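A.B. asks:
Residue numbers (the numbering used here): 46 to 121.
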């Protein structure tokens, strides 16, 4: 939910998301630098995990791949 809520709040378009047990894949369009998007996702997801489960959430540096242009995505 943290990623969906972050996109909604910041008015970014979430095209796809795949949440695994230890990482997340997402396709997002927005007007921000990819590092800002990644940091916002990580901060909000980490905060939500810490609030919902006892213990410590572990985070690592994220990998971002940037696609320039639109690849088969329709805005309609």
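Don't be surprised by glycine CBs; every beta carbon is placed ideally from N, CA and C.
Treat the numbers as computed from the prediction; the structure is a model and nothing was measured.
(1) For residue 47 versus residue 93, is the C-beta spacing smaller than 8 Å?
(2) Take residue 61 and list the residues in its own chain whose beta-carbon comes closer than 6 Å to its own, dropping the five residues that flank it on each side.
(3) Assuming residue 74 and residue 55 form a contact by the criterion Cβ under 8 Å, report the distance between their Cβ atoms to the nearest whole angstrom.
(4) For residue 53 and residue 67, I'd like the C-alpha separation in whole angstroms.
(5) If you draw a straight line from the C-alpha of residue 85 to the C-alpha of residue 69, how long is it?
C.D. replies: Considering the structure as presented:
(1) yes
(2) 72
(3) About 12 Å separates the two Cβ atoms, so there is no contact after all.
(4) Spanning the alpha carbons of residue 53 and residue 67 requires a straight line of approximately 23 Å.
(5) 13 Å
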